[in-house]
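In terms of the working numbering, the sequence shown is residues 560 to 703. Structure first, commentary second.
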Amino acid sequence: MENNRFCAAWAQCNALYAKAASALAVGYPEMMVLYALETMGELTQKQVAENFGMQKQTVHTVVSALGKKGFLRLAPCTSDKREKRIILTESGREYSKKLIEPLLKAEDRASEMIGSKKMKAMCETLELFNLLFERELNGGLGNE
Numbered sequence: 560m561e562n563n564r565f566c567a568a569w570a571q572c573n574a575l576y577a578k579a580a581s582a583l584a585v586g587y588p589e590m591m592v593l594y595a596l597e598t599m600g601e602l603t604q605k606q607v608a609e610n611f612g613m614q615k616q617t618v619h620t621v622v623s624a625l626g627k628k629g630f631l632r633l634a635p636c637t638s639d640k641r642e643k644r645i646i647l648t649e650s651g652r653e654y655s656k657k658l659i660e661p662l663l664k665a666e667d668r669a670s671e672m673i674g675s676k677k678m679k680a681m682c683e684t685l686e687l688f689n690l691l692f693e694r695e696l697n698g699g700l701g702n703e
């Protein structure tokens, strides 16, 4: 029962980010790519896809479109030249900040209302859930 409640809350959270994208008049995938770059810095397309649960092709499409607008460029990774880091240009940083900063401020206000102790406990619990769930998935679905 609690698992259903957890999944419903998670789904609602994702829906709220989709609602934010709509309010910002931008597509959800574009907002999430920019969110990833704003909050985590330079990433590869693969890292964005894996960390934010997006299809690689979707990330590639968004990155290509933002690149054509002059908002980002790709540069080889130092560790693996086949991988490319996504780097926001100056105009890309301005565009990203205009879109993502209000979202981050809304997150901060909500977090402040919850309080740091509860937020810390929630993050620790979610990190543990993700670790254990990943172990379960790596064990193979449908093997029971």
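We treat Cβ as the ideally placed atom computed from N, Cα and C, and that holds for glycine. This one's a predicted model, so the numbers in the text were calculated from it and none came from an experiment.
Cα-Cα separation, N573 to F565: For the purposes of this step, residue 573 is taken as residue 14 along the sequence shown, with counting starting at 1. For the purposes of this step, residue 565 is taken as residue 6 along the sequence shown, with counting starting at 1. Linking N573 to F565 through their CA atoms gives a straight-line distance of about 12 Å.
Spatial neighbours of R632 within its chain, please: CB distance less than 7 Å, with the 5 preceding and 5 following residues excluded, ordered by chain position. Here residue 632 is taken as the residue at index 73 of the sequence shown, counted from 1. Sequence-distant Cβ neighbours of R632 in its own chain, meaning closer than 7 Å and more than five residues away, are G626, I646 and T648.
Please say whether Y594 and L662 have beta carbons closer to each other than 8 Å? Looking up residue 662 in the sequence shown gives position 103. Looking up residue 594 in the sequence shown gives position 35. Result yes, Cβ atoms of L662 and Y594 sit closer than 8 Å.
Tell me the start and end of each unbroken alpha helix (DSSP H) in the stretch 581-663 that is at least 4 residues and wholly inside, in chain order. With a minimum length of 4 residues, the continuous alpha helix (DSSP H) runs that stay inside the stretch 581-663 are 587-599, 604-611 and 615-627.
DSSP three-state assignment for L700, whether helix, strand or coil: Indexing the sequence shown from 1 puts residue 700 at position 141. Note: L700 maps to coil in three-state DSSP.
With a 10 Å radius around its C-beta and 16 neighbouring C-beta atoms as the bar for buried, classify G698 as buried or exposed. Taking the first residue of the sequence shown as 1, we reach residue 698 at position 139. The residue in question, G698, is exposed, as its Cβ has fewer than 16 Cβ neighbours within 10 Å.
Cβ pair G651, F630 closer than 8 Å: Position 92 of the sequence shown holds residue 651. Position 71 of the sequence shown holds residue 630. Less than 8 Å divides the Cβ of G651 from the Cβ of F630.
Of the residues E589, E642, T637 and A570, which one's Cα is nearest the Cα of V618? Taking the sequence shown and counting its residues from 1, one reaches residue 618 at position 59. Answer by Cα proximity: E589.
Measuring alpha carbon to alpha carbon, tell me which residue in R641, S623 and I659 is nearest A579. The sequence position of residue 579 within the sequence shown is 20, counting from 1. Of the candidates R641, S623 and I659, I659 places its Cα closest to the Cα of A579.
What do you reckon, are the CB atoms on V607 and V585 nearer than 8 Å? As a first step, residue 607 must be located in the sequence shown, where it is residue number 48. As a first step, residue 585 must be located in the sequence shown, where it is residue number 26. Not in contact: V607 and V585 (Cβ atoms no closer than 8 Å).
Would you kindly work out how many angstroms separate the C-alpha atoms of Y576 and T684, rounded to a whole number? As a working note, residue 576 is residue 17 in the sequence shown. As a working note, residue 684 is residue 125 in the sequence shown. Using only the alpha carbons, I get a separation of about 21 Å.
Quick one, which of A680, E686 and K605 has its alpha-carbon nearest D639's? Looking up residue 639 in the sequence shown gives position 80. Put simply, of A680, E686 and K605 the residue whose alpha carbon is nearest the alpha carbon of D639 is K605.
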